[in-house]
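Reviewing the structure listed below.
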Amino acid sequence: LRHHLYEQELPKIHSESSEFVILVYYLELVEGGMTLEQFNASVALSWPEPKGGHVVTWTRQLADFINRSPVAARSFLSEQHVLWHQPRLLTLPQLYDRIFQYYHRRQCSHCHSVPRETSICLVCGALVCLKENCCKQLNICEAVQHSVDCGAGTAMYLVVTSSYVIVIRGKRACLWGSVYLDSFGEEDRELKRGKPLYLSPGRYQLLQQQWLGHHFDHTPKKWVWHRDAL
1 LRHHLYEQEL
11 PKIHSESSEF
21 VILVYYLELV
31 EGGMTLEQFN
41 ASVALSWPEP
51 KGGHVVTWTR
61 QLADFINRSP
71 VAARSFLSEQ
81 HVLWHQPRLL
91 TLPQLYDRIF
101 QYYHRRQCSH
111 CHSVPRETSI
121 CLVCGALVCL
131 KENCCKQLNI
141 CEAVQHSVDC
151 GAGTAMYLVV
161 TSSYVIVIRG
171 KRACLWGSVY
181 LDSFGEEDRE
191 LKRGKPLYLS
201 PGRYQLLQQQ
211 WLGHHFDHTP
221 KKWVWHRDAL
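For the record, in the sequence shown the residue sitting at position 100 is 100 according to full-length UniProt numbering, with numbers rising by one throughout.
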């Protein structure tokens, strides 16, 4: 507002560490007479109430929150003071064999059985029982329910037993293809040929771009109604 309404030139910020200090001075929030060399974040701001009043109130509220919900509070605190990046899919290993060896006999954390088609959510890494009845909720299979919980109705799953990616988008789903190819650049659907498979950065980047840009509805794939059965 100060820049756009009052046409005051924005200050030049040369590093992240100096951003707060420079903006505080730009907005004239410092106490009178405090020079840039004397800046101290704990005393710089001109509080509308006696010093420390807000801090005491905030810490009391935080203490109440911790006492009520210790798990949620731990998660909240661990997420503070981090650098934020654009959402992205999981970082996958170069060799598909590493995924297969780790997941193909891994038990589901909910039903404790080994799924016939173990599938990994490429957004959060959750393991789901694809097309199984064991983890149904209100007659909705786990992969569909997880797409709602994790991605507001959109999810991408890497099916470990076939190397294919399945995309769920609302009430529809499609076989997107594989992001792992052999040395000739070909897919090995159902892993029948037994050749080593390697991550295709181009394909994985394309999948991520379609997800970030909400372009799945315009992807030329064969979409089917999943009827909550995935």
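Cβ coordinates follow ideal geometry from the N, Cα and C atoms, glycine included. Note that the coordinates shown come from a computational prediction; the quantities given were computed from them, not determined experimentally.
Contact annotation: the stretch 62-70 does not touch the stretch 175-183, with fewer than three C-beta pairs closer than 8 Å. Distance from the CA of E187 to the CA of G202, rounded to the nearest whole angstrom, comes to 14 Å. Between L89 and W211, the C-beta spacing is below 9 Å. An exposed status is given to C124, since fewer than 16 other beta-carbon atoms sit within 10 Å of its beta-carbon. Between the alpha carbons of L138 and L5 lies a distance of about 54 Å. Checking the DSSP bridge columns, you'll see I13 has no partner listed. In this structure, the straight-line span from the alpha carbon of D97 to that of I166 is close to 19 Å. As DSSP reads the structure, Y180 sits in a beta bridge with L199. In the three-state reduction of the DSSP assignment, V160 falls in the coil class. For W211, DSSP records no beta bridge to any residue. A straight-line Cα-Cα distance of about 8 Å links F216 and R169.
In the DSSP secondary-structure assignment, Q137 is bridged to I140.
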